[in-house]
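Q:
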Amino acid sequence: MDLLSLRYFRAVARREHISRAAEELRVAQPSVSRTIARLEAELGVPLFDRHGRAIRLNRYGAAFLTRVERALDELDDARREMADAAGLDDGGVAVAAETLLPLTELLAGYRAAHPGVTVRCFQSTPDVMREQLRAREVDFCIASQPLSGPGLGAVRLLHEEVLLVVPAGHPLAVRERVTVAEIAEEPFITTRPGHWQRALLERLFTAIGRRPVISCEGDEPGATHFLVAAGLGIGLMPSLARADLASVPISWLHLDTPDCVRTLSLVRREDSYLTTAAARFRELAVTHFAGRPHHGVPAQGVRQSGGPAGVAYGDL
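The opening residue of the sequence shown carries number 1 in UniProt numbering; numbering runs sequentially from there.
Okay, structure coming up:
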């Protein structure tokens, strides 16, 4: 039993597919198959149930995978810690978020301050973020809704009101505040299920016993205001975005409900080694969002512009 065979086993176990594991490992499929067979012979038990070409991790394999992931994670952390302590390289940071548009200033500031650090970004749904954290593919997730899971910790970056946006010529554009019931028949522009805007929209409508009318759904929340301005519907936008959209012909309204908010959090695995590069990113992220003009939930009206469960909040 050697490290290479354990890494082969982990790749196959995660995907339950020999060919995909071989592609990820960039080795020939027969090599992976032989390695798994040798490992099973050494352990004396099958690790997978085989049905034709399909394989499924069995109870022996699941138990073995838990130990293997723990061992390999510790070794990977040890390598990162030694390289970090010795100053062998500037390190790297991998970040996942539901949308990358609000992170451009943060990422630009980080690159300017630490030009030698490698930065990788992923646009991911919350379910994918959990898997990326579990597999240690990312150092941080910037989440707009709770990410539950064992060993995850979060620090709150931003707590803000979410506003309703309507086209400038919409009958509601002269209002400052509306109820959810008043917009029950309005067509909504929103994201696909799984994203925070859609989850919030459905939660607001469930509270009045209705389902929202969806006129357009997609994967990029940053397109919402363009589609609203084009008159295709109305939508939910975080107040953080308002300062950057003053020239867009949309109007911003309060929704008369106390829980129309979002909490932006920086989430990581608490049991993973925090490199110097990652620690500096965390510090900059906290400072960056603390200084944004719409930090917190405003208590008073908004003028119109023309034209978690499972996560412990605290120090990371």
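Note that beta-carbon positions come from the ideal geometry of N, C-alpha and C, so glycine has one too.
Keep in mind it's a predicted model, so treat the numbers as computed, not measured.
(1) Using beta carbons (cut-off 9 Å, strictly below), is Leu-204 in contact with chain B?
(2) Going by CA-CA distance only, name the one from Leu-75, Asp-219, Ser-5 and Tyr-110 that's closest to Leu-39.
(3) Just the C-alpha distance for Glu-160 and Leu-200, rounded to the nearest angstrom, thanks.
(4) Would you call Pro-167 buried or exposed, if buried means 16 or more other Cβ atoms sit within 10 Å of its Cβ?
(5) Would DSSP call Gly-235 helix, strand or coil?
(6) Within the continuous alpha helix (DSSP H) that includes Ser-105, where are the two ends?
(7) Taking the straight line between their C-alpha atoms, what separation do you get for Pro-150 and Ala-230?
(8) Hey, which unbroken runs of the alpha helix (DSSP H) at 4 residues or more fall wholly within the region 138 to 223?
(9) Quick one: measure Cβ to Cβ for Leu-255 and Val-165, integer angstroms, because I've assumed they're closer than 8 Å.
(10) Arg-127 lies in the alpha helix (DSSP H); which residues open and close that run?
(11) Is it true that the CB of Val-213 sits closer than 9 Å to the CB of Glu-186?
(12) Taking only the alpha-carbon atoms, compute the straight-line gap between Ser-265 and Gly-44 and give it to the nearest angstrom.
(13) State the Cα-Cα distance for the pair Ala-11 and Phe-289, rounded to the nearest angstrom.
(14) Can you tell me whether DSSP reads Val-228 as helix, strand or coil?
(15) Going by DSSP in three states, residue 351 sits in which element: helix, strand or coil?
(16) Determine the direct distance from the alpha carbon of Phe-64 to that of residue 317, and round the result to whole angstroms.
(17) Exposed or buried, Phe-188, counting other C-beta atoms within 10 Å across all chains shown (16 or more means buried)?
(18) Tell me the DSSP bridge mates of Cys-121?
(19) Just to confirm, is the Cβ distance from Ala-94 to Val-119 under 9 Å?
(20) According to DSSP, which residues form a beta bridge with Ser-265?
(21) Would you report the Cα separation of residue 327 and Leu-133, rounded to the nearest angstrom?
(22) For Arg-56, which residues in the same chain have their Cβ closer than 7 Å to its Cβ, ignoring the five residues on either side in sequence?
(23) In the DSSP assignment, what are the bridge partners of Asp-49?
(24) Can you tell me the Cα-Cα spacing of Phe-9 and His-51, whole angstroms?
(25) Could you check whether Val-267 and Ala-143 sit closer than 9 Å to each other, using their CB atoms as the reference points?
A: Answer, in terms of the structure:
(1) Annotation note: the requested chain B is absent from the structure, which comprises a single protein chain.
(2) Selection Leu-75, Asp-219, Ser-5 and Tyr-110 evaluated against Leu-39 yields Ser-5 as nearest (Cα-Cα).
(3) 13 Å
(4) The residue in question, Pro-167, is buried, as its Cβ has 16 or more Cβ neighbours within 10 Å.
(5) strand
(6) According to the sequence provided, residue 105 is Glu. The question's Ser does not apply to it. Start and end: 104 to 113.
(7) 44 Å
(8) 196 to 206
(9) Wrong, their Cβ atoms sit about 11 Å apart, outside the cutoff.
(10) A quick correction: the sequence has Asp, not Arg, at residue 127. Run containing Asp-127: 126 to 134, per the alpha helix (DSSP H) assignment.
(11) If you check the CB distance, Glu-186 and Val-213 come in under 9 Å.
(12) 45 Å
(13) 37 Å
(14) Val-228: helix per DSSP, three-state reduction.
(15) Any answer about residue 351 is impossible in this case: the structure gives the chain only from 1 up to 316.
(16) With the chain represented from 1 up to 316, any question about residue 317 goes unanswered, as that position is not in the structure.
(17) buried
(18) Val-95
(19) yes
(20) Ala-143 and Arg-156
(21) A question about residue 327 goes unanswered here, because the residues of the chain that appear run from 1 up to 316.
(22) Glu-16, Phe-48 and Asp-49
(23) Arg-56
(24) If you take the alpha carbons of Phe-9 and His-51, they lie about 18 Å apart.
(25) yes
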